[in-house]
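Participant: Just so you know, the sequence shown maps onto residues 7 to 439 in our numbering.
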Amino acid sequence: MAQVLPFQGYLYNIEKVGDLSKVLSLPYDKIPSQLREKYLERSPYHFVRLIRPENYERARQLWRDWRDKDIFIQDRKPSFYVYQQEFTLPSGISKKRTGCVGIVELKEFGNGIYPHEITFPGPKEDRFQLLKATHANLGQIFMIYRDSQQKISPLLEEAASTAPFISVYMEDLGETHRLWKIQDPAKVQEISRAFQNLPLYIADGHHRYETALSFYQSQLQKAKSPEQVRPYGYRMATLVNIQDPGLVILPTHRMIRLLRRLSSQEIKEKLSPYFSFHSVASLQEGEIWLEQKQEKIKEDQKRVKLRFILVLPGERLGLEWKDPAKLGEFGLSEIFWEVPVAVLHKIVLESLLEHHSSQRDEGHDIGFARSSEEVVEKVEKGVYSLGFLVPSLSIEAFQKVTSHGERLPQKSTDFYPKMLSGMTIYSMEDSFP
7 MAQVLPFQGY LYNIEKVGDL SKVLSLPYDK IPSQLREKYL ERSPYHFVRL
57 IRPENYERAR QLWRDWRDKD IFIQDRKPSF YVYQQEFTLP SGISKKRTGC
107 VGIVELKEFG NGIYPHEITF PGPKEDRFQL LKATHANLGQ IFMIYRDSQQ
157 KISPLLEEAA STAPFISVYM EDLGETHRLW KIQDPAKVQE ISRAFQNLPL
207 YIADGHHRYE TALSFYQSQL QKAKSPEQVR PYGYRMATLV NIQDPGLVIL
257 PTHRMIRLLR RLSSQEIKEK LSPYFSFHSV ASLQEGEIWL EQKQEKIKED
307 QKRVKLRFIL VLPGERLGLE WKDPAKLGEF GLSEIFWEVP VAVLHKIVLE
357 SLLEHHSSQR DEGHDIGFAR SSEEVVEKVE KGVYSLGFLV PSLSIEAFQK
407 VTSHGERLPQ KSTDFYPKML SGMTIYSMED SFP
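#1: Just list the residues that DSSP pairs residue 2 with in beta bridges.
#2: Between residue 100 and residue 423, what straight-line distance do the alpha-carbon atoms span, to the nearest angstrom?
#3: Since residue 428 and residue 30 are thought to touch, with beta carbons under 8 Å apart, how far apart are those beta carbons, to the nearest angstrom?
#4: For the pair the segment 198 to 211 and the segment 140 to 160, tell me if three or more CB-CB distances fall below 8 Å.
#5: Go to residue 392, then tell me how far its beta strand (DSSP E) extends in each direction, as first and last residue.
#6: Given residue 111, which residues of its chain have a CB within under 7 Å of its CB, disregarding the five upstream and five downstream residues?
#7: If you measure between the beta carbons of residue 134 and residue 260, is that distance less than 8 Å?
#8: Taking just the CA atoms, how far does residue 402 sit from residue 411?
#9: Would you list the one or two residues that DSSP bridges to residue 187?
#10: Would you list, in sequence order, the uninterrupted alpha helix (DSSP H) runs of no fewer than 4 residues that lie entirely inside the segment 113 to 150?
#11: For residue 254, which beta-bridge partners are listed by DSSP?
#12: Here's the rule: buried if 16 or more other CB atoms are within 10 angstroms of the residue's CB, otherwise exposed. What is residue 55?
#13: Is the separation between the beta-carbon of residue 78 and that of residue 138 shorter than 8 Å?
#14: Of the choices 318, 59, 322, 284, whose alpha-carbon is the least far from that of residue 328?
#15: Tell me the residue span of the alpha helix (DSSP H) that contains residue 286.
#16: In whole angstroms, what is the alpha-carbon distance linking residue 88 and residue 14?
#17: What residue range is occupied by the uninterrupted alpha helix (DSSP H) comprising residue 20?
#18: Tell me the rounded alpha-carbon separation between residue 127 and residue 218.
#19: Please look up how many angstroms separate the CB atoms of residue 312 and residue 326, rounded, as I've assumed it's under 8 Å.
#20: Whether or not the segment 262 to 274 and the segment 44 to 58 are in contact is what I'm after, with contact meaning three or more pairs of Cβ atoms, one per stretch, closer than 8 Å; do they touch?
#21: Residues in the same chain with beta-carbon distance under 7 Å from residue 175, minus the five sequence neighbours each way, listed in chain order, please.
#22: Is it buried or exposed for residue 225, if we count other Cβ within 10 angstroms and need 16 for buried?
#23: What residues match up with residue 154 in a beta bridge as DSSP calls it?
#24: Work out the CA separation of residue 121 and residue 413 for me, nearest whole Å.
#25: Report the rounded CA-to-CA distance for residue 302 versus residue 310, giving the unit in angstroms.
#26: Name, in chain order, the residues that DSSP records as bridge partners for residue 196.
#27: If you check the beta carbons only, do residue 196 and residue 416 fall under 8 Å apart?
#28: Below 8 Å on the Cβ atoms is my contact criterion, and I expect residue 108 with residue 11 to pass it. Report the Cβ-Cβ distance as a whole number of Å.
#29: Report yes if the CB atom of residue 255 is closer than 8 Å to the CB atom of residue 404, and no otherwise.
#30: Measure the beta-carbon distance from residue 103 to residue 253 and round it to whole angstroms, keeping in mind my assumption that it falls under 8 Å.
#31: Taking only three categories from DSSP, how would you classify residue 278?
#32: Which of the three DSSP states, helix, strand or coil, is assigned to residue 259?
#33: Can you tell me where the alpha helix (DSSP H) with residue 57 in it begins and where it stops?
#34: Round the Cβ separation of residue 153 and residue 90 to the nearest angstrom and send it over; I've been treating them as touching at under 8 Å.
#35: For a test of the three-state rule: what should DSSP assign to residue 111, helix, strand or coil?
#36: Cutting at 7 Å between CB atoms, please list the residues of its own chain near residue 433, excluding the five before and the five after it.
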């Protein structure tokens with residue numbers, strides 16, 4: 007299993023930058039150009055200048071200069087950080103999610119670290135160059151663990167019962183972000199020890215993890231001994247207990263621009279051997295139907311229903327997969343019965359609709375949306391040929407598929423909300439405990 011250690015993090019110096027809501031940032035991959043410009047206007051010390059720089063050399067200069075000018079100040083003691091987010095779901099329900107920020111030993115996948123998502127070369131090369139320029143972890147990797155024996159959670163809760171070191175309300179996000187420090191040597195050691203035998207599952211940050219591992223391997227090749235580059239063998243991450251009540255996965259719906267034009271009738275004919283059709287009177291009714299995933303098949307046994315909503319111009323249609331055994335015809339094991347988005351990509355898009363594409367990125371032949379209204383709007387306007395509304399993925403199904411070493415299509419999970427960049431920084435040059 008991977009070792010989890012405290013570190014001497016760099017944090018923004020409030021005396022220098024003032025209101026933290028003016029400098030903290032969404033993750034780099036959630037910042038379109040328009041938002042980047044807005045961030046730049048907020049403060050000369052906004053974190054976007056480091057994670058989405060003009061160029062990598064500029065990021066290197068800023069990281070050095072801001073430390074020299076005490077824009078960032080370093081903790082003198084190795085610390086675990088308790089990071090809590092208070093937020094409201096799109097449904098209106100309020101939640102709190104609490105994580106432990108530490109540095110995680112980099113391992114090849116399957117050796118205590120388990121991914122779930124496919125990665126792409128472009129983002130990895132970009133993050134590699136930024137890492138090469140700064141030698142610092144500027145954003146979080148989001149990992150999940152199961153604290154069955156409740157050894158870690160009580161220590162985090164104890165810290166979170168006191169006044170936070172940082173508490174900042176992000177008005178544009180409607181979220182409050184808080185940070186506490188755990189620096190007592192006995193408690194720090196207890197947390198590290200509790201993580202020793204726990205597998206860790208990557209929820210968000212696959213590109214950042216693979217980049218960190220590649221960079222560490224490149225440093226090893228140049229080093230005289232592994233000990234010389236040991237700090238590069240760890241990556242900053244926020245670790246959240248799978249039983250945390252604030253751990254939420256939202257669905258990410260799909261919008262498809264078909265490469266070969268098909269009529270609505272042709273699409274239905276291709277789907278009908280495998281799906282039963284259900285009329286959907288309204289989006290609200292359809293979303294309720296979509297999330298009714300359990301059906302009783304025996305007194306003590308339930309089965310998950312595999313459902314989508316097909317969005318066509320002027321029409322919404324509920325789809326329900328008929329026979330679990332038929333997944334095998336397409337090379338999918340029954341583990342994917344609980345992962346509808348994987349079935350959607352592998353069977354519906356690639357096999358039935360013959361939608362093969364080398365460009366699986368937003369803005370090409372497939373689009374992604376959190377809002378079902380956006381899917382309907384863009385299909386009706388002809389921006390996309392059709393859309394699919396998908397149900398949310400359960401935490402249990404997420405753990406099951408990752409434990410089996412399976413990779414899911416891009417944007418299969420939307421762990422909500424995103425963790426801010428700039429709350430803590432790990433420098434491989436001087437933050438290692």
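Glycine residues also receive a C-beta, built at the ideal position from the N, C-alpha and C atoms.
Facilitator: A quick look at the data gives this:
#1: No answer is possible for residue 2: the residues shown for the chain start at 7 and end at 439.
#2: In this structure, the straight-line span from the alpha carbon of residue 100 to that of residue 423 is close to 12 Å.
#3: 4 Å
#4: yes
#5: 392 to 395
#6: 8, 9, 239, 240
#7: no
#8: Using only the alpha carbons, I get a separation of about 15 Å.
#9: DSSP lists 87 as the bridge partner or partners of residue 187.
#10: 127 to 140
#11: 422
#12: buried
#13: no
#14: 284
#15: Unbroken run through residue 286: none, as it is neither H nor E.
#16: 14 Å
#17: 20 to 23
#18: Straight-line Cα distance between these residues: approximately 14 Å.
#19: 7 Å
#20: With the rule of 3 Cβ pairs closer than 8 Å, the segment 44 to 58 does not count as touching the segment 262 to 274.
#21: 27, 182
#22: buried
#23: According to DSSP, which records beta bridges pairwise, residue 154 is partnered with nothing at all.
#24: 7 Å
#25: Any reading at residue 302 must be qualified, since the residue scores a pLDDT of 43, below 50, and its modelled position is unreliable; the value itself is stated next. Approximately 9 Å, taken between the alpha carbons.
#26: Looking at the DSSP assignment, residue 196 forms no beta bridge with any residue, so it has no partner.
#27: no
#28: 6 Å
#29: yes
#30: 6 Å
#31: Note: residue 278 maps to coil in three-state DSSP.
#32: Here residue 259 sits in strand by DSSP.
#33: 54 to 57
#34: Incorrect: roughly 16 Å between the Cβ atoms, too far for contact.
#35: strand
#36: 16, 141, 142
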